[in-house]
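Trainee: According to mature numbering (1 follows the signal peptide of the UniProt record, and there is no 0), the stretch in the sequence shown is residues -22 to -1, 1 to 222, in order. Where is the CB? At the ideal position from N, CA and C, for every residue including glycine. Starting off with a structure, shown below.
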Amino acid sequence: MRISRILGMAVGLIGMAVLLGACQNATQPPAPSSPIAVTLTIEPQTIQPGDEVTFRLSVTQDGKPVDDAQEAKVELWREGDAQHEFLPAAHRGKGVYEARKRLDQPGRYHVMYHVTAREMHSMEETTFVVGNPAEAEAPKKEGHSHDHGSLTLDVKMDEPIVAGKKERISIVVAQGGHPLSGARVRLEYGREGAQKRAFADAHEEQPGTYVTTVAFPEPGAYRVRVHVEKEPLHDHKELAVTVR
C-alpha cells in the first residue's frame, strides 16, 4: 500500500514537472530572427560601353539561402543624372537574384540594391565604372547628392521623440524652389545597426508638404530614410534620430 502511494506521488510529481516545463516553454518569446545578409556581385569586372552588366544578389540567413524574398531589385543611375532606374532581380534559385542591363554610356555609375525578405529590409549603395576609370574619376563627387534638379527635402519632427508615442513627421519637398506635388513619399526606419526596417507612407497635406505619423517602439538610436519618387526623379535623405 505504501509503495503504491509512493509510486503514485512520484508519477504525479513527474507529470507536474512536465506540465510546468511545457507551460514555461509556451510562454517564452520566440528567439529573434537572424538578419538577412546580401552580397552584390557585378559582372564583368571590367565593363566597356555597350556591355551587358549582371547584378547578382546572393541572399542568406544564418548561412542558408533565402529563396522567398518579397522584393529584390537594384536601383541604378549614372553619376550626375537625375533619373534613377529600378531593375527587378529575377530569382535564379539557391538564394540568388539577378538583374541585367546594357550600359552604353561611359562614366561612373551608382547601384543600390533593395531586398525585402522575412520582415527585414536590406539596402546598400556602391559604385562602378564603365569605360576608362581615369576619365570617370575626374567629375566624381563624394556622397549621394540630394539636389536632383534643385530637389530639396526638409524633414521636420518635434523634439523630444518618446518611445511608443505617435510622432508627427512632415516632409517638405521642393524642386527649383517650387513645391513638388503628386510625389510618392515614404519613411523607412529601424534601430541603428539592425537589418529589420519598417515603412510608413506619407500623404500630401498641402502642395509639397507630406505628413505621416510614426511610433518608435523603444528607446535608442534609429536611422530614418525618407524616399521621394516622382518619375523620373527618385531621391532619399537619411537622418539619425534619438528616441527617449
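#1: Please state if the CB of residue 148 and the CB of residue 189 are separated by a distance shorter than 9 angstroms.
#2: Cutting at 6 angstroms between CB atoms, please list the residues of its own chain near residue 203, excluding the five before and the five after it.
#3: Between residue 15 and the rest of its own chain, which residues show a CB-CB distance below 6 angstroms, the 5 nearest in sequence each way excluded?
#4: From 212, 186, 143, pick the residue whose C-alpha is nearest to that of residue 195; which is it?
#5: Rounded to whole angstroms, what is the Cα-Cα separation between residue 123 and residue 208?
#6: Any heavy atom of the ligand GDP within a distance shorter than 8 angstroms of the CB on residue 132?
#7: Where does the unbroken beta strand (DSSP E) through residue 34 begin, and where does it stop?
#8: Please name the residue, chosen from 98, 35, 29, 150, that lies closest to residue 180 on a Cα-to-Cα basis.
#9: Check residue 111 in the structure and name its three-state DSSP category.
#10: Return the CA-CA distance between residue 44 and residue 36, expressed in angstroms with no decimal places.
#11: If you scan the region 41 to 106 from start to end, which runs of the beta strand (DSSP E) of 3 or more residues do you find wholly inside it?
#12: Output the distance between the C-alpha atoms of residue 129 and residue 19, rounded to the nearest integer angstrom.
#13: If you drop the 5 nearest sequence neighbours on each side, which residues of the same chain put their C-beta closer than 6 angstroms to that of residue 205?
#14: Quick check on DSSP: helix, strand or coil for residue 203?
#15: When you compare the CB of residue 199 with every CB in chain C, is at least one pair closer than 9 angstroms?
#16: Rounded to whole angstroms, what is the Cα-Cα separation between residue 102 and residue 91?
#17: For residue 153, which three-state DSSP category applies?
#18: Grouping DSSP H, G and I as helix and E and B as strand, with all else coil, what is residue 184?
Mentor: Let's see:
#1: yes
#2: 166, 214, 216
#3: 38
#4: 143
#5: Because the pLDDT at residue 123 is just 37, under 50, the model does not fix this residue reliably, and the value given afterwards should be weighed accordingly. Answer to the nearest angstrom: the Cα atoms are 17 angstroms apart.
#6: The model on display carries no ligand, and the ligand GDP is accordingly not part of it.
#7: 29 to 39
#8: 150
#9: helix
#10: 8 angstroms
#11: 49 to 56, 63 to 66, 68 to 71, 74 to 81, 85 to 95
#12: 31 angstroms
#13: 164, 214
#14: strand
#15: The chain labelled as chain C is not found in the depicted structure, where only one protein chain is given.
#16: 6 angstroms
#17: strand
#18: strand
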